[in-house]
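Chemist:
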Amino acid sequence: MIQPWYVLYNYIVLPVLYIILYLLGFFNEKIKRGIKGRKTLFFDLATNIKKIDKEKKTIWFHSSSMGEFEQAKPIIEKLRKEKNVNIIVTFFSPSGYENSLKYPYADVISYLPFDTPRLAEKFVKIIKADAVVFMRYDIWPNIILQIQKYKIPSFIVDATMRSDSKRKLPFIKNFHKKLYSGFSKILTVSDADVNNFLSFGIDGGKVTAVGDTRFDRVYQKSIQAKEKKLLPDNFFNGKKVFVFGSSWESDEEVVFPALMKLLRYDPDTIVIVVPHEPTILHLEKIEHTFINKFSTIRFSYLNNYNNERVIIVDSIGILLTLYYYADVAYVGGSFKQGIHNVLEPAVYGIPVLFGPKFHNSQEAEILIKLGGAFVISNKRETYIKLRGLFSNNQSRINTGNICYGYVNNNIGATDKISEEICRFI
């Protein structure tokens, strides 16, 4: 019997969604790249699949974009290290796909096709996976149905479910119950997430809280950052460093005036500004903000460093490593659309500041309750908090220890997830 939601999804929702997507592709470069990148998807996939060792088990990991893939990496790397397996990685978004093409631990990297019944079946039959792992939430109904049809063990990893999730609305709830019930295991971040998944009527034995691989990933990367030594030893000897991470202009409007005042009253303070988008225009605007007040230098010219008070990072991909040198950090996005990753500075055992839009991050909420992080809402609050942290070394250290303890106490999800996957292959 064909379910009503199946008809609604495939004959109404999908056609409308794809029409909108293709229309937006004329105006949005990212969407256009995603559509273009899928034109040779099946040819490329079939060609690459032929190159892998058929004697090995194949595990397929799917992530929506780069952020979710970062959470998959600890699991992939552990499986590759300990098991003789092929790894296939897929993405929905072009940013994840394009930025991961050189990832050394994947045998095949591909876009996920658009979720029509025909394309989903074709894709699943070509891959012939022995297990499929979906990161967090990006599950597509026709893909899932095909995986279930061929009885392939499947997992949702780092799964979360809010108590007020719209997935619990009456008609939509039945739709998701069908999808979730077919998974071999749903491995959640917390016990609260377990209870929320169980409200769909899923078999209790299929849902287990194991933690969040983001803790493992930032811990791994922090070790690498310490070994990498992006800057020479004692580069900031005798100085206190504030790293302004992933800054948007809305963050800068609040934080920069406080930093100006802090730099004026504390001659030992150094500021590292890491713009979320280091465009030429944005970099010049930041430089203009400090011009005639404090000396600045771009990170790419740091070989010529001459005690400049403000370092402006003009490249991407080094923020987590820079947090290693910080005494205090601010995490951006929290005056705009939502906070970026607070675990990245917290793993180094330093106090973390951010603006009022932090409720997209469970970790930010917990760090506030523990006393390791602080919310600032205006220029005055920012200065008072910074002045207090920079002038009281013991208070700053104690606060940072709270952050480190929180991260350290939550490491270990990768091992538990790997064990669960290996039980089914």
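Heads up, the sequence shown is in my numbering, so the first residue is 1 and it goes up one at a time.
We treat Cβ as the ideally placed atom computed from N, Cα and C, and that holds for glycine.
(1) Short of 6 Å in beta carbon distance, which residues of its chain neighbour F215, apart from the five on each side in sequence? Order them along the chain.
(2) With distances taken Cα to Cα, identify the nearest neighbour of L187 among I172, V157, K50, W60.
(3) Short of 6 Å in beta carbon distance, which residues of its chain neighbour S377, apart from the five on each side in sequence? Order them along the chain.
(4) Which partner residues of H62 appear in the DSSP bridge assignment?
(5) Would N48 and V108 be called neighbours here (beta carbons separated by less than 8 Å)?
(6) Please work out which residues of its chain come closer than 7 Å, Cβ to Cβ, to Y426, disregarding the five sequence neighbours upstream and downstream, and give them in chain order.
(7) At the level of alpha carbons, what is the spacing between A120 and I126?
(8) Rounded to a whole number of angstroms, what is the C-alpha to C-alpha distance between V241 and E277?
(9) Going by DSSP, what residue range makes up the alpha helix (DSSP H) through V207?
(10) I'd like the list of long-range same chain contacts for T382, defined as Cβ closer than 7 Å, with 5 residues on each side in sequence excluded.
(11) Is the CB-CB distance between C403 and I350 below 8 Å?
(12) I think D130 touches K50, with their Cβ atoms under 8 Å apart; what is that distance to the nearest whole Å?
(13) With DSSP collapsed to three states, give me the class of T296.
(14) If we ignore side chains and look at the alpha-carbon of each, how far apart do G201 and V207 end up?
(15) So, are the CB atoms of V342 and S361 less than 8 Å apart?
(16) Just confirm the distance between the C-beta atoms of P141 and L179, as a whole number of angstroms; I'd bet it's less than 8 Å.
(17) What residue range does the beta strand (DSSP E) around F374 cover?
(18) Could you say if the region 149-165 and the region 99-113 meet the contact criterion of at least three C-beta pairs nearer than 8 Å?
(19) Below 8 Å between beta carbons: does that hold for S395 and F358?
(20) Run through DSSP, which three-state label would L231 get?
(21) Excluding the five sequence neighbours on either side, which residues of its own chain have a C-beta within less than 6 Å of the C-beta of T90, listed in chain order?
(22) Report, in whole angstroms, the separation of the C-beta atoms of V218 and F244, which I expect to be a contact under 8 Å.
(23) Have a look at D212 and N292 and give me their C-alpha separation to the nearest angstrom.
(24) Work out the CA separation of F290 and M66 for me, nearest whole Å.
(25) Please report the Cβ distance between F155 and K128, rounded to the nearest whole angstrom; I am assuming they are in contact, meaning their Cβ atoms lie under 8 Å.
(26) If I follow the unbroken alpha helix (DSSP H) through P275, where does it start and stop?
(27) Between the alpha carbons of K239 and Y325, how many angstroms are there, rounded?
(28) Identify, in the order they occur along the chain, each residue of the same chain with its Cβ nearer than 7 Å to the Cβ of K379, setting aside the five sequence neighbours on each side.
(29) Going by the CB atoms, is the gap between L353 and Y330 shorter than 8 Å?
(30) Taking the alpha-carbon positions, what's the L230 to I312 distance?
(31) Count the other CB atoms, across all protein chains shown, that sit within 10 Å of the CB of E363; report buried if there are 16 or more and exposed otherwise.
(32) Helix, strand or coil for A413, going by three-state DSSP, please let me know.
(33) Sort K36, V271, K261 by Cα distance to S247 and report the nearest one.
(34) Rank V13, F175, T160, L169 by C-alpha distance to the C-alpha of L145 and give the top, closest one.
Modeler: So, to answer that:
(1) Here the set comprises V407, N410, I411.
(2) Ranking the options by Cα distance to L187, first place goes to V157.
(3) Excluding sequence neighbours, S377 sits near P356.
(4) According to DSSP, which records beta bridges pairwise, H62 is partnered with T90, F134.
(5) The answer is yes: Cβ separation under 8 Å.
(6) Look at the range of the chain in this structure, 1 to 425, and you will see that residue 426 is not part of it.
(7) Taking the straight line from one Cα to the other gives about 10 Å.
(8) Cα-Cα distance, rounded: 21 Å.
(9) Segment 207-209 is the beta strand (DSSP E) holding V207; no alpha helix (DSSP H) there.
(10) Setting aside the 5 residues that flank it on each side, T382 is surrounded in the same chain by V254, V255, A258, I376, each with a C-beta closer than 7 Å to its C-beta; the list follows chain order.
(11) Cβ atoms of C403 and I350: closer than 8 Å.
(12) Contact doesn't hold; Cβ gap of about 17 Å is too wide.
(13) Of the three classes helix, strand and coil, the one that applies to T296 here is strand, per DSSP.
(14) Taking the straight line joining both Cα atoms gives about 11 Å.
(15) A contact, by the Cβ cut-off of 8 Å.
(16) At roughly 6 Å, the Cβ-Cβ gap stays under 8 Å, so P141 and L179 are in contact.
(17) 373-375 is the extent of the beta strand (DSSP E) around F374.
(18) Taking one beta carbon from each stretch, the region 149-165 and the region 99-113 have fewer than 3 pairs nearer than 8 Å; the two do not touch.
(19) In this structure, F358 does not lie closer than 8 Å to S395 by Cβ.
(20) Here L231 sits in coil by DSSP.
(21) Sequence-distant Cβ neighbours of T90 in its own chain, meaning closer than 6 Å and more than five residues away, are H62, S110, L112.
(22) The Cβ separation is near 19 Å, so there is no contact.
(23) Approximately 46 Å, taken between the alpha carbons.
(24) Whole-angstrom Cα-Cα distance: 33 Å.
(25) About 17 Å separates the beta carbons of F155 and K128, which is beyond the 8 Å limit, so they are not a contact pair.
(26) Boundaries around P275 are those of the beta strand (DSSP E), 269-275, since no alpha helix (DSSP H) includes it.
(27) When rounded, the distance between both Cα atoms is 10 Å.
(28) Counting only Cβ-Cβ distances below 7 Å, and skipping sequence neighbours, we find V254, P257, A258.
(29) A contact, by the Cβ cut-off of 8 Å.
(30) In a straight line, the C-alpha of L230 is about 15 Å away from that of I312.
(31) By the 16-neighbour rule on beta-carbons within 10 angstroms, E363 is buried.
(32) Reduced to three states, the DSSP call for A413 is helix.
(33) Nearest Cα to S247 within the set K36, V271, K261: V271.
(34) The residue with the shortest Cα to Cα distance from L145 is F175.
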